[in-house]
Amino acid sequence: MRTQYSNEITPSLDGKSVSLCGWIHEIRDMGKLKFLILRDRGGFIQITAKAGTCDQSVLNTINEVSRESVVDIKGIVRKNEKAPNNVEISPVSIDIISKSGSPLPLDVTAKVDADIDTRLNNRFMDLRKPEIAAIFKIRSKILSAGREFLLKNGFIEIHTPKIIASASEGGTELFPISYFDREAYLAQSPQLYKQMMMSSGFDRVYEITNYFRAEEHDTRRHLNEVVAIDAEISFIKDENDVMGFLEGLILSIIKSAAECKTELDILKKEINVPGDIKKITYDKALKLLEENGKVVPWGADIDTEGEKFLGDIVMKRYNSGLCFITRYPLRIKPFYTMPHDSEYSRSFDLEYKGVEISSGGQRIHDYNLLVERIKECNLNPENFGFYLNAFRYGMPPHGGFGLGIERVMMQLLDLSIREVVLFPRDRHRLTP
Ligand code: ATP
Ligand code: MG
């Protein structure tokens with residue numbers, strides 16, 4: 010329906026006829042002079058209607074139209090130094106395609122943000138704000154940058170089932186669903202299936218997929234449904250090869266976000282692209298924390314506060330926002346994690362500004378060792394029959410990671426997790 014987006018209208022088009030479509034952002038009526046601000050995906054443009062020079066039907070429509078209505082405006086581009094961006098439209102016709110009700114549930118022009126619940130309850134309207142839309146344009150950019158990196162490196166995109174019969178990660182954080190006459194669960198991650206793909210000879214696979222986690226969190230970095238880039242790679246020497254891929258992936262993601270100049274300007278944010286990524290062992294991380302007055306007992310996971318502390322220390326010491334924590338104690342990592350020795354594992358977490366954004370490592374590929382580890386983790390190998398089968402007839406050494414998109418987005422833009430998901434699912438929120 011349109012010839013241009015508003016941001017494509019420049020003074021150089023002076024005198025040209027154009028068709029623009031979008032929402033009425035603002036209406037200013039100065040009697041003989043009436044202004045509309047039209048908003049579309051590209052930005053804003055001023056529509057200026059003068060009594061006398063403009064058709065009476067256009068003036069009548071302006072009197073009648075309500076804010077946030079959807080309109081189709083045909084008019085002539087006029088250069089004008091007094092207008093925003095030195096350009097405006099002199100309207101020839103205005104069609105109201107869809108009239109907005111009023112009062113509005115949310116003020117799109119408000120200088121002060123509504124509270125997050127009002128915003129999320131009216132998300133469709135919240136997303137009309139350019140600074141909110143910008144978040145999701147960046148999210149789309151980083152996902153395509155991630156995909157591009159993986160495809161360039163020979164990864165094959167897969168889709169694994171989200172309705173599953175048993176836990177992928179152990180633990181009890183599963184959402185049960187009724188599956189005909191049986192109970193099934195929503196998948197916590199594609200872990201078991203992407204590993205099975207390693208026995209198929211695909212060598213490098215990835216999936217951009219939802220994780221469902223029935224965890225009763227109430228934090229600014231947990232949701233019950235998230236999206237992650239999951240990858241698995243065969244014929245690795247050890248976990249360092251996996252970290253190499255993850256490093257390439259996250260750096261290309263951050264770089265692509267830093268290139269979103271228009272969106273970052275709207276958000277008034279800047280993104281620094283780190284150089285290389287430091288690797289710190291778990292033991293060294295504990296030592297750094299202890300030197301700075303925070304004691305984490307050996308064998309415990311580094312908690313939220315510890316991660317934040319560590320992020321600050323790494324930033325001060327190495328001037329980097331990203332670091333790998335490697336060689337976690339075996340006992341705090343899932344059963345499929347490759348042991349380094351009896352105490353330590355070939356695992357890692359990737360931290361970004363003091364928050365975990367990814368976990369990964371080398372996996373066990375030996376059938377007997379895997380069965381042994383399942384038992385040691387107090388799980389029943391019989392529940393993993395379909396998975397274990399893939400390890401009995403030729404399985405290459407492999408490893409992989411899961412990189413949480415929401416965590417990446419929130420750390421990139423310093424936002425809370427609810428802001429970077431269209432329709433977040435948390436303990437209290439199931440709609441919209
Ligand atoms: P955390 O310890 O931070 O709760 P996790 O170790 O349970 O996360 P993993 O199972 O390692 O999470 O999942 C891999 C990645 O997926 C995480 O590093 C994170 O980026 C993302 N992720 C997992 N669960 C959540 C969640 N509930 N909310 C947001 N992101 C999540
Ligand atoms: Mg983790």
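Be aware that the sequence shown starts at 10, since it is given in my numbering, and climbs by one per residue. For each residue, glycine too, the CB sits at the ideal point set by N, CA and C.
I think GLY408 touches ILE242, with their Cβ atoms under 8 Å apart; what is that distance to the nearest whole Å?
Stepping through the sequence shown from its first residue, residue 408 is reached at position 399. Stepping through the sequence shown from its first residue, residue 242 is reached at position 233. Rounded, the Cβ-Cβ distance is 6 Å, consistent with contact.
If ARG427 sits next to ASN233, beta carbons under 8 Å apart, how far is it from one beta carbon to the other, in whole angstroms?
Working through the sequence shown from its first residue, we reach residue 427 at position 418. Working through the sequence shown from its first residue, we reach residue 233 at position 224. No, ARG427 and ASN233 are not in contact; Cβ-Cβ is about 12 Å, not under 8 Å.
Cβ-Cβ distance between ALA60 and ILE151 below 8 Å:
Counting from 1 along the sequence shown, the entry for residue 60 is found at position 51. Counting from 1 along the sequence shown, the entry for residue 151 is found at position 142. The answer is no: Cβ separation not under 8 Å.
Among GLU224, GLY31, ILE125, the one whose alpha carbon lies nearest that of ILE82:
Numbered from 1 along the sequence shown, position 73 holds the residue referred to as residue 82. The option with the nearest alpha carbon to ILE82 is GLY31.
With DSSP run on the structure shown, which of helix, strand or coil describes ARG438?
What you label residue 438 is simply residue 429 of the sequence shown in a count that begins at 1. Residue state, collapsed to three classes: strand.
Three-pair Cβ contact test at 8 Å for the region 354-366 versus the region 312-327
yes
Proximity to ARG382 [Cα-Cα], best of ILE71, ASN219, ILE341, GLY411:
For the purposes of this step, residue 382 is identified with residue 373 of the sequence shown, where counting begins at 1. The shortest Cα separation from ARG382 among ILE71, ASN219, ILE341, GLY411 belongs to ILE341.
Can you tell me whether ALA58 is buried or exposed, with buried defined as 16 or more other CB within 10 angstroms of its CB?
Here residue 58 is taken as the residue at index 49 of the sequence shown, counted from 1. By the 10 Å Cβ count, ALA58 comes out buried.
What does the shell around the ligand MG hold, if a residue joins when its beta-carbon is under 7 Å from any heavy atom?
ASP358, GLU365, SER368
Between the region 37-44 and the region 17-26, are three or more C-beta pairs nearer than 8 Å?
no
Considering ASP81, what are the terminal residues of the beta strand (DSSP E) in which it resides?
As a position in the sequence shown, residue 81 is number 72, starting the count at 1. First-last of the beta strand (DSSP E) with ASP81: 79-88.
Give me the residue from ILE33, LEU68, ASP321, CYS63 with the minimum Cα distance to PHE52.
In the sequence shown, residue 52 corresponds to position 43, counting from 1. The sequence given here has Gly at residue 52, not Phe. For the residues ILE33, LEU68, ASP321, CYS63, the minimum Cα distance to GLY52 belongs to ILE33.
Skipping 5 residues on each side, what residues in its chain have a beta carbon closer than 8 Å to that of TRP307?
Locating residue 307 in the sequence shown gives position 298, counting from the first residue. Here the set comprises ASP292, LEU295, PRO338.
Which ranges would you report for the beta strand (DSSP E) in the region 194-268 if only whole runs of at least 3 residues count?
213-221, 234-243
Going by C-alpha distance, which of PHE344, ARG438, LYS277 is nearest ASP423?
Along the sequence shown, read from residue 1 onward, the residue named residue 423 stands at position 414. ASP423 has its Cα closest to that of LYS277, out of PHE344, ARG438, LYS277.
Can you tell me which of the three DSSP states VAL74 falls into?
Counting from one through the sequence shown, the residue named residue 74 turns up at place 65. Correct three-state label for VAL74: coil.
If we count Cβ pairs, one from each stretch, closer than 8 Å, do we get three or more for the region 104-123 versus the region 73-82?
yes
Please report how far the alpha carbon of ILE141 lies from the alpha carbon of VAL380, in whole angstroms.
Reading the sequence shown from its first residue, position 132 is the one you call residue 141. Reading the sequence shown from its first residue, position 371 is the one you call residue 380. Straight-line Cα distance between these residues: approximately 48 Å.
Could you tell me the distance, in whole angstroms, from the CA atom of ILE286 to the CA atom of MET418?
Residue mapping note: residue 286 aligns to position 277 of the sequence shown, counting from 1. Residue mapping note: residue 418 aligns to position 409 of the sequence shown, counting from 1. Rounded to whole angstroms, ILE286 to MET418 spans 18 Å at the Cα level.
I'd like to know if the region 236-252 and the region 400-414 are in contact, where contact means that at least 3 CB-CB pairs between them fall below 8 Å.
yes
Is the beta carbon of ILE56 sitting closer than 8 Å to the one on ILE98?
Numbered from its first residue, the sequence shown carries residue 56 at position 47. Numbered from its first residue, the sequence shown carries residue 98 at position 89. It is a contact, given that the beta carbons lie within the stated cut-off.
Between LYS203 and GLU216, how many whole angstroms is the CB-CB distance? I'm expecting something under 8 Å.
Numbered from its first residue, the sequence shown carries residue 203 at position 194. Numbered from its first residue, the sequence shown carries residue 216 at position 207. Confirmed, Cβ separation roughly 7 Å.
For the ligand ATP, I want to know if VAL305 counts as a neighbour, meaning its beta carbon is within less than 7 Å of at least one of the ligand's heavy atoms.
Position 296 of the sequence shown, counted from the first residue, corresponds to residue 305. Every heavy atom of the ligand ATP is 7 Å or more from the Cβ of VAL305, so no.
Please report the straight-line C-alpha distance between THR6 and LEU421, rounded to a whole angstrom.
In the structure as shown, the chain begins at 10 and stops at 441. Residue 6 is therefore absent and cannot be evaluated.
Under the rule that 16 or more other beta-carbon atoms within 10 Å means buried, what is ALA174, buried or exposed?
On the sequence shown, position 165 is the one that residue 174 refers to. ALA174 comes out exposed.
Sequence-distant residues of its chain with Cβ nearer than 7 Å to GLU17 (five each side left out):
Within the sequence shown, residue 17 is the residue found at index 8, counting from 1. GLY51.
Within 8 Å, strictly: CB atoms of LEU159 and LEU258
Taking the sequence shown and counting its residues from 1, the one referred to as residue 159 is at position 150. Taking the sequence shown and counting its residues from 1, the one referred to as residue 258 is at position 249. It is a contact, given that the beta carbons lie within the stated cut-off.
What are the boundary residues of the alpha helix (DSSP H) that includes ILE98?
Along the sequence shown, read from residue 1 onward, the residue named residue 98 stands at position 89. Premise fails: ILE98 lies in the beta strand (DSSP E), 96-107, not in any alpha helix (DSSP H).
Beta carbon of ALA237: closer than 7 Å to some heavy atom of the ligand ATP?
The sequence position of residue 237 within the sequence shown is 228, counting from 1. Indeed, a heavy atom of the ligand ATP lies less than 7 Å from the Cβ.
VAL417 - DSSP class collapsed to helix/strand/coil
For this step, residue 417 is matched to residue 408 along the sequence shown. VAL417: helix per DSSP, three-state reduction.
Contact check, ARG372 vs SER354 under 8 Å by CB: the rounded distance?
Within the sequence shown, the letter at position 363 stands for residue 372. Within the sequence shown, the letter at position 345 stands for residue 354. Going by Cβ atoms, the distance from ARG372 to SER354 rounds to 10 Å, so no, they are not a contact pair.
Between PHE184 and the rest of its own chain, which residues show a CB-CB distance below 7 Å, the 5 nearest in sequence each way excluded?
In the sequence shown, residue 184 corresponds to position 175, counting from 1. Hits under 7 Å: TYR194, LEU195, PHE221, ALA223.
Looking at the unbroken alpha helix (DSSP H) that takes in LEU183, where does it start and where does it end?
Counting from one through the sequence shown, the residue named residue 183 turns up at place 174. Careful: LEU183 lies outside any alpha helix (DSSP H) and carries neither H nor E.
Please confirm whether any heavy atom of the ligand ATP lies closer than 7 Å to the CB of LEU379.
Residue mapping note: residue 379 aligns to position 370 of the sequence shown, counting from 1. For the ligand ATP, not one heavy atom lies less than 7 Å from the Cβ of LEU379.
In whole angstroms, give me the CA-to-CA distance for LYS146 and ALA119.
Reading the sequence shown from its first residue, position 137 is the one you call residue 146. Reading the sequence shown from its first residue, position 110 is the one you call residue 119. LYS146 and ALA119: Cα-Cα distance of roughly 21 Å.
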